[in-house]
Amino acid sequence: MAEANVSQIDTPEPVRPESIKAVPVRHPGRWVSGAVILVLTAMFVHMLFTNQNLDWSTFRQFFFEGGILKGLVATLELTVIAMAIGIVGGIVLALMRLSSNPLLSSAAWLYIWFFRGTPVLVQLIFWFNFKSLMGDISLGIPFGPVFITWDVNSLVTTFVAAILGLGLNEAAYMSEIVRAGILSVDEGQAEAAQALGMRRLQMMRRIVLPQAMRVIIPPTGNETISMLKTTSLASTVAFTELLKAGEDIYNANYKTIPLLIVVSVWYIIVTSILSVGQYYLERHFGRGSSRELPPTPLQRLRRNLTTFHVKPPAVREGSA
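Going by UniProt numbering, the letters in the sequence shown line up with residues 1 to 320, in that order.
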């Protein structure tokens with residue numbers, strides 16, 4: 001009988017919890033800041049189309065003008081040569097700083113201390129007036145006979161003065177970037193290379209520097225972009241680069257604002273190209289740092305265009 005009574009007792013059905021209704025968090029600050037940005041953007045675009053002082057007809061006239069394009073080429077040449085001097089000199093100075101030889105280390109430290117301690121504009125003016133310090137440059141035996149003599153006026157032209165001023169200054173900054181990259185490599189890598197019988201230069205060239213490039217490339221890209229814009233200082237030593245070409249034109253026609261816009265747009269175009277190159281260089285040298293690299297902007301765009309998101313089916317109430 002007890003077993004029958006127990007079987008007749010109704011067991012209560014489990015109570016299903018109510019579905020959670022998620023309420024999104026309000027962000028009024030985002031709406032206010034977004035509205036302010038949109039208003040400012042609209043005002044800026046309106047100013048671009050309504051301000052007659054911008055003189056877009058003059059901008060179109062001189063954007064591809066021959067003098068501007070020659071100045072652009074000179075700017076690119078100056079950037080490439082100065083950065084090449086800076087990178088090579090930076091590697092040499094970094095190796096000297098890390099050398100166990102106190103004479104080499106001290107000499108590198110003094111070079112970096114001097115060139116980072118004086119403005120690059122002062123260095124450009126100094127090299128431009130180098131002929132006032134040295135009348136002639138000679139090659140021969142120290143304190144002995146002279147074999148060849150060069151005139152400084154024919155050697156240190158405005159282009160050479162700009163290269164020396166920018167390149168030697170850049171070497172001081174690049175040396176610290178390279179030194180930081182070398183120090184970021186684990187010491188076990190160098191010890192393993194030494195155990196294999198590699199010399200110091202072989203170890204740096206084959207083992208340390210390739211791994212240090214992951215740290216060196218991003219600031220080097222920034223330095224290259226900065227160098228592109230710093231070349232505008234070469235106009236102070238009468239070298240005709242992009243800015244000087246624009247100055248020569250607006251000094252003749254008094255169209256200052258349109259010519260400055262032309263110069264600025266060319267700087268932005270070249271800077272954007274360099275930024276894209278820096279991005280892909282960073283991806284190339286960062287392949288060993290993570291298992292999977294993040295997708296490029298083109299890969300993300302292609303994935304978003306070819307991927308269709310299907311809404312999951314709703315779960316009906318009462319279903320298990």
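Cβ atoms here follow ideal geometry from the backbone N, Cα and C, with glycine treated the same way.
Tell me where the alpha helix (DSSP H) around residue i begins and ends.
i      : result
Gln202 : Arg200 to Met203
Arg302 : Pro297 to Thr306
Met96  : Gly66 to Arg97
Gln211 : Leu209 to Thr230
His284 : Thr256 to Phe285
Ser33  : Pro28 to Thr50
Helix, strand or coil for residue i per DSSP?
i      : result
Leu139 : strand
Asp248 : helix
Thr158 : helix
Ile20  : coil
Thr149 : strand
Gly197 : coil
Ala171 : helix
Asn129 : coil
Phe239 : coil
Thr118 : coil
Phe63  : coil
Val25  : coil
Ser100 : coil
Val178 : helix
Gly318 : Unreliable positioning characterises Gly318 in this predicted model, as indicated by a pLDDT of 48, which lies under 50. A coordinate reading is not provided.
Val310 : Any reading at Val310 is ruled out, since the residue's pLDDT is 48, under 50, leaving its predicted position unreliable.
With 16 as the cutoff for other CB atoms within 10 Å, does residue i come out buried or exposed?
i      : result
Gly86  : buried
Ala161 : buried
Gly89  : buried
Ala320 : Residue placement at Ala320 cannot be trusted, given a pLDDT of 44 that sits under 50; the coordinates are not used to answer.
Arg97  : buried
Glu241 : buried
Thr41  : exposed
Gly66  : exposed
Arg205 : exposed
Leu196 : exposed
Thr50  : exposed
Met227 : buried
Thr230 : buried
Ala192 : exposed
Pull up the distance between the alpha-carbon of residue i and that of residue j, whole angstroms please.
i      : j      : result
Val92  : Ser99  : 11 Å
Leu48  : Arg283 : 37 Å
Ala35  : Gly29  : 10 Å
Pro145 : Ser138 : 10 Å
Ala82  : Leu298 : 32 Å
Phe124 : Ser175 : The sequence shown places Leu at residue 124, rather than the Phe named in the question. Going by the C-alpha atoms only, they are around 20 Å apart.
Pro258 : Arg116 : 35 Å
Asp200 : Gln194 : Here the sequence assigns Arg to residue 200, which means Asp is not the residue at that position. Rounded to whole angstroms, Arg200 to Gln194 spans 8 Å at the Cα level.
Leu133 : Tyr254 : 38 Å
Val25  : Glu77  : 54 Å
Thr157 : Phe128 : 8 Å
Leu233 : Leu121 : 7 Å
Val32  : Ser57  : 37 Å
Gly71  : Ala238 : 12 Å
Leu166 : Phe130 : 15 Å
Ser264 : Leu110 : 37 Å
Leu38  : His46  : 12 Å
Thr236 : Ser154 : 19 Å
Asp186 : Ala212 : 10 Å
Ala252 : Ala245 : 11 Å
Ile141 : Asp151 : 18 Å
Val208 : Ile182 : 6 Å
Arg302 : Ala22  : 32 Å
Gln61  : Val262 : 10 Å
Arg300 : Leu281 : 18 Å
Ser105 : Ile273 : 37 Å
Asn304 : Thr296 : 12 Å
Ala94  : Tyr267 : 31 Å
Could you confirm whether any beta carbon from chain D is found closer than 8 Å to the beta carbon of residue i?
i     : result
Thr41 : Protein chains in the displayed structure number just one, and chain D is not present.
For residue i, which residues from the same chain have a beta carbon less than 8 Å from its beta carbon, with the 5 sequence-adjacent residues on both sides left out?
i      : result
Ile163 : Leu78, Ile81, Ala82 and Ile85
Glu223 : Met83, Gly86, Glu170, Tyr173, Met174 and Ile177
Which residues in the same chain have their Cβ closer than 7 Å to the Cβ of residue i, if we skip the five residues on either side of it in sequence?
i      : result
Asn169 : Phe115, Val120 and Gln123
Ile216 : Ile177, Val178 and Gly181
Among the residues of its own chain, which have a CB less than 6 Å from the CB of residue i, if the five just before and after it don't count?
i      : result
Thr256 : Tyr250
Thr149 : Asp136 and Ser138
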